[in-house]
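Let me begin by presenting the structure, written as structure tokens, before commenting on it.
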Amino acid sequence: MREVETIVVGGGPAGSTCARRLRQHGRDVLVLDKARFPRLKLCAGWITEKVLRDLEIAPGDYPHPMLPLDIRSHLRGMPGWLRWFPTPGKNFSIRRVEFDAWLLARSGAEVVQHEVRAIRRDGDRFVIDETYACRWLIGAGGTMCPARRALFPNQRPKSRQIVTLEKEFAYPSREDTCRLYFKRGLVGYAWVVPKGDGHVNIGLGAKAKYLRTSGANIHEHFRAFLDDLVAEGRLDAATADGLQETGHPYYLFTRDGAVRSGNCLLIGDSAGLATMDLGEGIGPAVESGLMAADEILGRGTWDKSKVTLFSLAGLAQRFMRAANRRHLPAA
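Shown next, in the form of structure tokens:
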């Protein structure tokens with residue numbers, strides 16, 4: 001059985017960020033992930049200036065396209081759009097298939113492709129599949145993280161669950177503008193996010209509770225959104241008809257629910273940390289990875305209440321609530 005001080009389950013932005021900080025301080029860390037990187041990851045791929053600072057990515061460091069976003073907000077009940085999006089600093093788009101693989105390689109941690117199936121406690125250790133053992137266990141495997149399933153029996157509140165449908169594909173005729181649609185009476189929003197090398201991500205996310213109680217079908221909402229894009233001339237009809245969207249669930253931040261069980265710490269989507277206004281996941285994932293590593297290093301404490309709760313800043317939070325109250329969950 002292999003003994004490691006820290007095992008990180010999941011090699012996404014949360015796990016790779018945690019592993020990198022530990023490796024920077026000479027700690028023994030192993031990353032386990034069921035996928036082989038680079039791997040497809042559904043995500044609008046929106047990152048903020050703060051994410052780049054937290055990741056210590058300077059201009060020119062990133063070897064793949066990183067597109068500055070010119071964002072137009074389409075609000076329900078308002079004709080036209082606003083060429084203004086009140087997040088602190090600049091916004092960028094990346095392709096997660098490239099971004100995640102680069103972050104994981106940059107971490108300097110050893111990575112083993114391994115699907116975690118069973119985790120048990122053995123005194124002050126965690127034993128994984130009778131093959132690996134560690135003193136510290138980091139659950140960074142996303143919404144369905146095996147560390148969460150094994151060691152955190154409590155259920156997350158369904159009122160915080162978001163479900164999405166999206167598709168990322170090469171579309172050279174796409175416009176360079178990023179568009180966010182807070183419309184259609186949906187408790188959520190839709191997006192068109194341009195990416196480098198002529199790619200685009202088109203998607204829609206909504207609160208699962210709303211979809212269950214309203215009888216609305218998220219696939220119908222997605223198809224109606226595609227029809228709107230065709231009518232606006234932003235997508236051709238043949239491409240819209242041929243899109244095969246897929247989806248995934250995740251959870252917005254809530255103060256309830258444990259994110260630690262002894263020396264097991266949950267981070268990123270495993271902990272349910274997406275921002276409460278726009279469901280931003282990468283920023284909180286990176287923050288949580290840094291805090292979890294600092295606790296292991298004896299430099300701080302992993303405290304989810306210190307994670308950024310909102311993507312929007314200042315008065316913009318109130319404005320967006322007033323403009324589309326059904327979209328934003330209560331704090």
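The opening position of the sequence shown corresponds to residue 1 in the UniProt record's numbering, with each subsequent residue numbered one higher.
The C-beta atom is built at its ideal place from N, Cα and C for all residues, glycine as well.
Q: Quick one: residues in its chain with C-beta nearer than 6 Å to the C-beta of R179, no 5 flanking neighbours on either side, listed in chain order?
A: Counted from its first residue, the sequence shown places residue 179 at position 179. So the qualifying residues of the chain are R72 and V192.
Q) Which runs of the alpha helix (DSSP H) fall wholly inside the region 231-297 and span at least 4 residues, in chain order? A) 237-242 and 282-296
(Q) I need the straight-line Cα distance from V8 to P157, nearest angstrom please. (A) Sequence index remark: in the sequence shown, residue 8 carries index 8 (1-based). Sequence index remark: in the sequence shown, residue 157 carries index 157 (1-based). For V8 and P157, the distance between alpha carbons rounds to 25 Å.
Q. Since A140 contacts G10 with CB under 8 Å, what's their CB separation in whole angstroms?
A. Start at 1 with the first residue of the sequence shown, and residue 140 comes out as number 140. Start at 1 with the first residue of the sequence shown, and residue 10 comes out as number 10. Between G10 and A140 the Cβ distance is about 4 Å, and since that is below 8 Å, they are a contact.
Q | Three-state secondary structure assigned by DSSP to E175 | A | As a working note, residue 175 is residue 175 in the sequence shown. DSSP places E175 in coil when its eight states are reduced to three.
Q: Measure the alpha-carbon distance for W102 versus P68 and round it to whole angstroms.
A: For the purposes of this step, residue 102 is taken as the residue at position 102 of the sequence shown. For the purposes of this step, residue 68 is taken as the residue at position 68 of the sequence shown. Taking the straight line joining both Cα atoms gives about 19 Å.
Q: Reducing DSSP to helix, strand and coil, say where E220 ends up.
A: Counting from 1 along the sequence shown, the entry for residue 220 is found at position 220. Note: E220 maps to helix in three-state DSSP.
Q) In this structure, does DSSP put P59 in helix, strand or coil? A) Within the sequence shown, residue 59 is the residue found at index 59, counting from 1. P59 falls in the coil class under three-state DSSP.
(Q) Quick check on T6: buried or exposed, where buried means 16 or more other Cβ atoms within 10 Å of its Cβ? (A) Along the sequence shown, one-based indexing puts residue 6 at 6. Looking at its Cβ environment, which holds 16 or more other Cβ atoms inside 10 Å, T6 is buried.
Q | M320 burial status per 10 Å Cβ neighbour count (16 or more: buried) | A | Along the sequence shown, one-based indexing puts residue 320 at 320. Since pLDDT at M320 reaches only 48, below the 50 mark, its modelled position is unreliable, and the value read off the structure follows with that caveat. It is buried - the Cβ of M320 has at least 16 other Cβ atoms within 10 Å.
Q.
Let me check one thing: in DSSP terms, what residues is E166 bridge-paired to?
A. On the sequence shown, residue 166 is found 166 positions in, with the first residue counted as 1. Answer by DSSP bridge pairing, in chain order: G203 and T246.
Q) For A293, is the classification buried or exposed, using 16 other Cβ atoms within 10 angstroms of its Cβ as the cut-off for buried? A) Your numbering for residue 293 matches position 293 in the sequence shown. It is buried - the Cβ of A293 has at least 16 other Cβ atoms within 10 Å.
Q | Reference M78, options G188, F182 and L290, closest by Cα | A | Residue 78 sits at position 78 when you count from the first residue of the sequence shown. Nearest option by C-alpha distance: F182.
Q: Drop a sphere of 10 angstroms on the beta-carbon of P284, count the other beta-carbons inside from all chains shown, and report buried for 16 or more, exposed for fewer.
A: Counting from 1 along the sequence shown, the entry for residue 284 is found at position 284. The residue in question, P284, is buried, as its Cβ has 16 or more Cβ neighbours within 10 Å.
Q) Any idea what DSSP makes of R72, helix, strand or coil? A) Within the sequence shown, numbered from 1, the residue matching residue 72 stands at position 72. Three-state DSSP puts R72 in a strand.
Q | Alpha-carbon to alpha-carbon, T275 and G268 | A | Walking along the sequence shown from the start, residue 268 turns up at place 268. Walking along the sequence shown from the start, residue 275 turns up at place 275. If I take the Cα positions, the gap works out to 11 Å.
Q. D228 by DSSP, collapsed to three states: which one?
A. For the purposes of this step, residue 228 is identified with residue 228 of the sequence shown, where counting begins at 1. In the structure shown, D228 sits in a helix (DSSP, three-state: H, G or I).
Q: Starting from V5, follow the beta strand (DSSP E) in both directions and report where the run begins and ends.
A: Taking the first residue of the sequence shown as 1, we reach residue 5 at position 5. The identity of residue 5 in the sequence shown is Glu, whereas the question assumes Val. Run containing E5: R2 to V9, per the beta strand (DSSP E) assignment.
Q) Are the region 115-128 and the region 49-61 touching, with three or more C-beta to C-beta distances below 8 Å? A) no
Q: Use the C-beta contact count for T131: other C-beta atoms within 10 angstroms, 16 or more gives buried, fewer gives exposed.
A: Translated into the one-based positions of the sequence shown, residue 131 becomes position 131. When all chains shown are included, T131 counts as exposed.
Q: Throw me the rounded Cβ distance for the L265 and E295 pair, which I believe falls under 8 Å.
A: Your numbering for residue 265 matches position 265 in the sequence shown. Your numbering for residue 295 matches position 295 in the sequence shown. Their Cβ separation, rounded to whole angstroms, is 7 Å, which keeps L265 and E295 in contact under 8 Å.
Q. Does DSSP put F85 in a helix, a strand or coil?
A. As a first step, residue 85 must be located in the sequence shown, where it is residue number 85. In this structure, F85 counts as coil in the three-state DSSP scheme.
**Q.** Residue interval of the alpha helix (DSSP H) (run including L309)
**A.** Translated into the one-based positions of the sequence shown, residue 309 becomes position 309. No alpha helix (DSSP H) holds L309; DSSP gives it neither H nor E.
Q. How would you write the range of the beta strand (DSSP E) that P194 sits in, first residue to last?
A. As a first step, residue 194 must be located in the sequence shown, where it is residue number 194. Unbroken beta strand (DSSP E) run through P194: G188 to P194.
(Q) L137 and A150 - do their beta-carbons sit closer together than 7 Å? (A) Translated into positions along the sequence shown, residue 150 becomes position 150. Translated into positions along the sequence shown, residue 137 becomes position 137. Contact flag unset, no.
Q.
Using C-beta distances below 8 Å, list every residue in its chain close to A323, excluding the 5 sequence neighbours before and after it, in chain order.
A. To locate residue 323, count along the sequence shown from 1; it is residue 323. With a pLDDT of only 43 at A323, under 50, the local geometry of the prediction cannot be trusted, and the value read off the model is given with reservation. Excluding sequence neighbours, A323 sits near L75, R76, G77, M78 and F182.
Q: Starting from the Cα of A238, find the closest Cα among L226, N201, L252 and T246 and give me that residue.
A: Translated into the one-based positions of the sequence shown, residue 238 becomes position 238. Cα-wise, what sits closest to A238 is L226.
**Q.** Buried versus exposed call for L312 [16 or more other C-beta atoms within 10 Å across all chains shown]
**A.** Against the sequence shown, residue 312 aligns to sequence position 312. With 16 or more Cβ atoms within 10 Å of its Cβ, L312 is classed as buried.
(Q) Measuring CB atoms only, is the region 155-172 touching the region 191-208, in the sense that at least three cross pairs come out at less than 8 Å? (A) yes
Q: Would you kindly report the start and end of the unbroken alpha helix (DSSP H) that includes C145?
A: The residue given as residue 145 occupies position 145 in the sequence shown. Careful: C145 lies outside any alpha helix (DSSP H) and carries neither H nor E.
Q) So what does R117 bridge to, in DSSP terms? A) Reading the sequence shown from its first residue, position 117 is the one you call residue 117. BP columns for R117 are empty, so no partner.
Q) Between L40, M66, F37 and L42, which lies nearest to V51 when the distance is taken from Cα to Cα? A) Here residue 51 corresponds to residue number 51 of the sequence shown, with the count starting at 1. It is M66.
Q | Limits of the alpha helix (DSSP H) - the one that F99 falls within | A | Here the question's residue 99 lines up with position 99 in the sequence shown. Segment R96 to R106, the alpha helix (DSSP H) holding F99.
Q) When DSSP labels each residue in this structure, what does T48 get in the three-state scheme? A) Translated into the one-based positions of the sequence shown, residue 48 becomes position 48. Of the three classes helix, strand and coil, the one that applies to T48 here is strand, per DSSP.
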